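Student: Count along the sequence shown starting at 1, add 1135, and that's the number in my numbering.
Using N, Cα and C, we set each Cβ at its ideal position, and we do this for glycine too.
Computed from a predicted structure; not experimentally measured.
One structure, pasted below without further comment.
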Amino acid sequence: LVMGVGMSAGIFVSGLVIDRFTRRSKVAYAMAPAISLIFAIPFYLAFVWAPTWQLAILFLIGPTFLNYFYLSSSVALVQREVRPDQRVMSGALLLLVMNFIGLGLGPTYVGAASDYFRASHPGHSLQTALYTMTPFYVVAIILFSWLARVLKREDRAGEAN
1136 LVMGVGMSAG IFVSGLVIDR FTRRSKVAYA MAPAISLIFA IPFYLAFVWA PTWQLAILFL
1196 IGPTFLNYFY LSSSVALVQR EVRPDQRVMS GALLLLVMNF IGLGLGPTYV GAASDYFRAS
1256 HPGHSLQTAL YTMTPFYVVA IILFSWLARV LKREDRAGEA N
């Protein structure tokens, strides 16, 4: 329930944010997810290290909502940047890659890391494995920030023409 509501709300709200701010600049396609991920990190860490499951569920609302700002931004940017006859294939490839990474690599990594940490942290191996996912937030923030610079450069080039 938390995942479904958090994801749906995050996608809906990010769509509103993207619609509003991309009128001025394409940079919002990258900055909205970057900023949301910055705010998601403390909630994610609080979720991972919450002392009770009830508190963990409460903290999980934050990252679940904020993590999904990337989805509407990514889909909208791809649809905007490609020719109309390429939109279906581009959208399909985007979702394929996101699913390979998110549903293929993510759970596999967390499971393997949890198994690895079982010997040294038998009561908290899953928490430790989830904690090791935190640097991926930083990587995503850096990549979205880089994309923002690329989009800003394209905006300037478009204004010059």
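Might you give, ordered along the chain, the residues of its own chain that have their beta carbon closer than 8 Å to the beta carbon of L1201, omitting 5 neighbours on each side?
Tutor: Start at 1 with the first residue of the sequence shown, and residue 1201 comes out as number 66. Result list for L1201: G1145, S1171, L1172, F1174, A1175, F1178, in chain order.
Student: What is the rounded straight-line gap between the Cα of A1248 and the Cα of L1282?
Tutor: Counting from one through the sequence shown, the residue named residue 1248 turns up at place 113. Counting from one through the sequence shown, the residue named residue 1282 turns up at place 147. Using only the alpha carbons, I get a separation of about 30 Å.
Student: Between A1181 and the rest of its own chain, which residues show a CB-CB distance below 7 Å, the 5 nearest in sequence each way excluded?
Tutor: As a position in the sequence shown, residue 1181 is number 46, starting the count at 1. Only F1194 meet the Cβ criterion.
Student: Could you tell me which whole alpha helix (DSSP H) segments of length 4 or greater appear in the stretch 1173-1246?
Tutor: 1188-1202, 1204-1216, 1222-1234, all fully within the stretch 1173-1246.
Student: For P1257, which of helix, strand or coil comes out of DSSP?
Tutor: One-based indexing of the sequence shown puts residue 1257 at position 122. Here P1257 sits in coil by DSSP.
Student: Buried or exposed: I1192, going by 16 or more other Cβ atoms within 10 Å of its Cβ?
Tutor: In the sequence shown, the residue the question calls residue 1192 occupies position 57. When all chains shown are included, I1192 counts as exposed.
Student: Taking only three categories from DSSP, how would you classify T1263?
Tutor: In the sequence shown, counting from the first residue as 1, residue 1263 sits at position 128. DSSP places T1263 in helix when its eight states are reduced to three.
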